[in-house]
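Q: From first to last, the protein sequence lines stand for chains B and E. Heads up: the first sequence runs through residues 0 to 227, numbered per numbering that gives the first Met the number 0. Heads up: the second sequence runs through residues 0 to 279, numbered per numbering that gives the first Met the number 0. Glycine is no exception: its CB is placed at the ideal position from the N, C-alpha and C atoms. If you scroll down you'll find the structure; I have some questions about it.
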Amino acid sequence: MTPPKHILGTFDEALSSLRNNVLMMAGLAERTLDRAIKGLFQRDDNLCTTAIADDEEIDQLEKQIDKDGVDVLLRFQPVASDLRRVVAAMKLSPNIERVADQATNIARRARKLNKHSPLPEIELMVPIQAHAMSMFKDAIDAFTREDVDLARDVVSRDNALDKMNKTASRRLTQRMAEDPEQLRGYLNLIFISRCLERVGDHATNIGEDAVYAAAAEDIRHQTAAAAT
Amino acid sequence: MVSLIEMPQALPQQLPRQNECPVEETEEATIMIDVRDLDFAYGSNKVLHNVSLDIPAQAVTAFIGPSGCGKTTLLRCINRMNDLIEHARVTGGAIHLGGVDINAPEVDVVDLRRRVGMVFQKSNPFPKSIYENISYGLRIAGINKRSQIDEAVEKSLRGAALWDEVKDRLDEGALGLSGGQQQRLCIARALAVEPDVVLMDEPCSALDPIATAKIEELIHELKMQYTIVIVTHNMQQAGRVSDHTGFFYLGKLIEFGPTTKIFTNPSEKRTEDYITGRFG
Numbered sequence: 000m001t002p003p004k005h006i007l008g009t010f011d012e013a014l015s016s017l018r019n020n021v022l023m024m025a026g027l028a029e030r031t032l033d034r035a036i037k038g039l040f041q042r043d044d045n046l047c048t049t050a051i052a053d054d055e056e057i058d059q060l061e062k063q064i065d066k067d068g069v070d071v072l073l074r075f076q077p078v079a080s081d082l083r084r085v086v087a088a089m090k091l092s093p094n095i096e097r098v099a100d101q102a103t104n105i106a107r108r109a110r111k112l113n114k115h116s117p118l119p120e121i122e123l124m125v126p127i128q129a130h131a132m133s134m135f136k137d138a139i140d141a142f143t144r145e146d147v148d149l150a151r152d153v154v155s156r157d158n159a160l161d162k163m164n165k166t167a168s169r170r171l172t173q174r175m176a177e178d179p180e181q182l183r184g185y186l187n188l189i190f191i192s193r194c195l196e197r198v199g200d201h202a203t204n205i206g207e208d209a210v211y212a213a214a215a216e217d218i219r220h221q222t223a224a225a226a227t
Numbered sequence: 000m001v002s003l004i005e006m007p008q009a010l011p012q013q014l015p016r017q018n019e020c021p022v023e024e025t026e027e028a029t030i031m032i033d034v035r036d037l038d039f040a041y042g043s044n045k046v047l048h049n050v051s052l053d054i055p056a057q058a059v060t061a062f063i064g065p066s067g068c069g070k071t072t073l074l075r076c077i078n079r080m081n082d083l084i085e086h087a088r089v090t091g092g093a094i095h096l097g098g099v100d101i102n103a104p105e106v107d108v109v110d111l112r113r114r115v116g117m118v119f120q121k122s123n124p125f126p127k128s129i130y131e132n133i134s135y136g137l138r139i140a141g142i143n144k145r146s147q148i149d150e151a152v153e154k155s156l157r158g159a160a161l162w163d164e165v166k167d168r169l170d171e172g173a174l175g176l177s178g179g180q181q182q183r184l185c186i187a188r189a190l191a192v193e194p195d196v197v198l199m200d201e202p203c204s205a206l207d208p209i210a211t212a213k214i215e216e217l218i219h220e221l222k223m224q225y226t227i228v229i230v231t232h233n234m235q236q237a238g239r240v241s242d243h244t245g246f247f248y249l250g251k252l253i254e255f256g257p258t259t260k261i262f263t264n265p266s267e268k269r270t271e272d273y274i275t276g277r278f279g
């Protein structure tokens, strides 16, 4: 449900602009990640190069969001849900920017892989990238719709991604021993798997911030806290 | 007459009680003022409806809400300042200070106001010297020994963070002080008679940001010793200085709880809409 408008119309405009920039940044990061992954699977250097080039625009948006967030804090001193939304937007943007950085890393590794003959082990990346991409999309969706249940669900999916990454790394390490000729290729795949696992970590952070923005609840580090 | 001076200093309360508004569980704080089911009217115009809250001792409690919501009326009920207004009366419920019903017929109102000091929106020093502004209340209270008064004047001015600025000109007129200094003088005047509670009705609304900061710093220091209740229209000020906040609307207490909770995650939509500037 859309909250009623503020008496101060400029406050609504500033909040709306901040939110739109976050969503635009997330859209660009998703597109960059998608291009990098397609560049990997389709062995398309052009897509990889485009993905790398996209990063600049995302970096600029991160700076813009920081600037706009500080501006809103300074000019309107938001409280309650407004404050949470501003804080969440400012915390989301570095995570989105790092997702784009991971996409750039994947694109760079993909270009290296594309110089050599295809490795069948690339199939190991298919479920990992699907899982990471869905986590990121859902985290942004949870933030956009203030859907606390979806955000919690994203957070709960991170362990599965960690396990997938470990399994793939183990398999690729094994292949390196069996086929040392392709050592560089397997190493690149290990790095790509790790990049995708990091995308899941950033999606988790975004999901946690989405819960904070919508429900004022801090769900970070709950497992660690419970264990101690 | 019951002397409020002899009242127990605090009333241990059995919390929580039934309230009409969401009240966050407070830590085991000592309750200084217990407002229970209070109704208040100016003639036939009922302005407070069934207000209940516990104001903790040695803490700052802020009342916020739009104009006409009843926050100042409630503040003035606490030291019965409303008795001075014709046809204004408590029509139901009670306020207990340290366990004693302040509206009981046997309560000495002068004594109550000595124990519950008040600082107003506009500073109102007497047109007398700085020294006399402080000593006046002491003389009314029957203290005439010069050395005792001197000591109390210095202590009060130090307590109000004004001593260093005026110690060399105590005999000069109080009206020659700046607005911020005059307001701190009024606080010192209230402190001179050693109250338990200090009520502040928008104490910074006429002050510049520097003078406001000094008063806010003073409030922070005073709460170690006094129970402070402040009415403010400045949301940021309520957030900065208070430990607990009550939001009033149309004569009702909508929500009362820790200030951090009220300003980050209020339970009531009306509170949220007011503090975020969506109505008022």
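Please list, in chain order, all residues of the same chain as Ser122(E) whose beta carbon is under 8 Å from its beta carbon, the five residues on each side excluded.
A: Gly178, Gln181, Gln182, Leu184, Cys185, Ala205
Q: Smallest Cα separation from Phe125(E): which of Gly136(E), Arg35(E), Val115(E)?
A: Gly136(E)
Q: Please specify which runs of the beta strand (DSSP E), each continuous and at least 3 residues long, are wholly inside the region 92-168 of chain E, giving them in chain order.
A: 115-118
Q: For chain B, check one thing: does any of its Cβ atoms lie closer than 8 Å to the Cβ of Gly238(E)?
A: yes
Q: Which ranges does the beta strand (DSSP E) cover as unbroken runs of at least 3 residues, wholly within the region 36-74 of chain E, from first to last along the chain?
A: 44-55, 59-63
Q: Taking Gln235(E) as the query, report the chain B residues whose CB atoms sit under 9 Å from its CB, ordered along the chain.
A: Gln76, Val78
Q: Round the Cβ separation of Leu73(E) and Phe255(E) to the nearest angstrom and send it over; I've been treating them as touching at under 8 Å.
A: Between Leu73(E) and Phe255(E) the beta-carbon gap is near 12 Å, outside 8 Å, which marks them as no contact.
Q: Check the C-beta distance from Val198(B) over to Phe135(B) and give it rounded, since I have them as a contact under 8 Å.
A: 6 Å
Q: Measure the Cβ-Cβ separation of Leu251(B) and Leu118(B) and say whether it is below 8 Å.
A: The requested residue 251(B) is not part of the displayed model; chain B covers only 0 to 227.
Q: For Met31(E), name the three-state secondary structure that DSSP assigns.
A: Here Met31(E) sits in strand by DSSP.
Q: State buried or exposed for Ser155(B), treating a residue as buried only when at least 16 other CB atoms are found within 10 Å of its CB.
A: exposed
Q: In whole angstroms, give me the CA-to-CA distance for Thr270(E) and Leu111(E).
A: Thr270(E) and Leu111(E) have their C-alpha atoms roughly 32 Å apart.
Q: By how many angstroms is the C-alpha of Glu215(E) removed from the C-alpha of Glu61(B)?
A: 36 Å
Q: Below 8 Å, how does it come out for the region 222-241 of chain E and the region 59-72 of chain E: are there three or more Cβ pairs, yes or no?
A: When C-beta atoms of the region 222-241 of chain E are compared with those of the region 59-72 of chain E, three or more pairs fall below 8 Å, so the two segments count as touching.
Q: Quick one: list the residues of chain B neighbouring Pro265(E), beta-carbon separation under 8 Å, in chain order.
A: Ala79
Q: Counting pairs of beta carbons, one from the region 159-168 of chain E and one from the region 80-88 of chain E, are three or more of them closer than 8 Å?
A: no
Q: Buried or exposed for His219(E), please, with buried defined as at least 16 other CB atoms from any protein chain shown within 10 angstroms of its CB.
A: exposed
Q: Which residues in chain E sit within 9 Å of Arg83(B), going by Cβ to Cβ distance?
A: Thr263, Asn264
Q: For Thr172(B), does the three-state DSSP call read helix, strand or coil?
A: helix
Q: Quick check on the DSSP output: what are the complete alpha helix (DSSP H) runs of length 4 or more inside the region 19-107 of chain B, in order along the chain?
A: 44-75
Q: I'd like to know whether the C-beta of Lys70(E) is nearer than 8 Å to at least one C-beta of chain B.
A: No, Lys70(E) does not count as interfacial toward chain B.
Q: Could you tell me which uninterrupted alpha helix (DSSP H) segments, each at least 4 residues in length, are contained entirely in the region 164-213 of chain B, listed from first to last along the chain?
A: none
Q: Return the bridge partner residues of Lys251(E) from the DSSP annotation.
A: Tyr248(E)
Q: Return the chain-ordered list of same chain residues with a C-beta closer than 7 Å to the C-beta of Arg239(E), the five sequence neighbours on each side being excluded.
A: Glu215
Q: Going by DSSP, name the residue or residues bridged to Arg219(B).
A: DSSP lists no partner for Arg219(B).
Q: Helix, strand or coil: which one does DSSP assign to Ala205(E)?
A: coil
Q: With a threshold of 8 Å, are at least 3 pairs of Cβ atoms found where one atom belongs to the region 89-108 of chain B and the other to the region 48-62 of chain B?
A: yes
Q: Relative to the C-alpha of Gln128(B), which residue among Glu145(B), Arg174(B), Ile189(B) is closest?
A: Ile189(B)
Q: Give the residues of chain E in contact with Phe40(B), contact being defined as C-beta atoms less than 8 Å apart.
A: By Cβ distance, chain E contributes nothing, its closest Cβ being about 44 Å from Phe40(B), past 8 Å.
Q: For Ala189(E) and Met80(E), which I take to be in contact (beta-carbon distance under 8 Å), what is that distance rounded to the nearest angstrom?
A: Ala189(E) to Met80(E), Cβ: 13 Å. No contact.
Q: Mind checking if Glu271(E) is an interface residue toward chain B, Cβ cutoff 8 Å exclusive?
A: yes
Q: Assuming Asp82(E) contacts Val108(E) (C-beta within less than 8 Å), just tell me the rounded distance between them.
A: 6 Å
Q: Is it buried or exposed for Ile209(E), if we count other Cβ within 10 angstroms and need 16 for buried?
A: exposed
Q: Roughly how many angstroms lie between the CA atoms of Arg138(E) and Thr259(E), to the nearest whole one?
A: 42 Å
Q: Straight-line CA distance for Phe342(E) to Gln41(B)?
A: This structure cannot settle anything about residue 342(E), because the visible part of chain E is limited to 0 through 279.
Q: Which stretch, first to last residue, makes up the beta strand (DSSP E) that contains Asp200(E)?
A: 196-200 is the extent of the beta strand (DSSP E) around Asp200(E).
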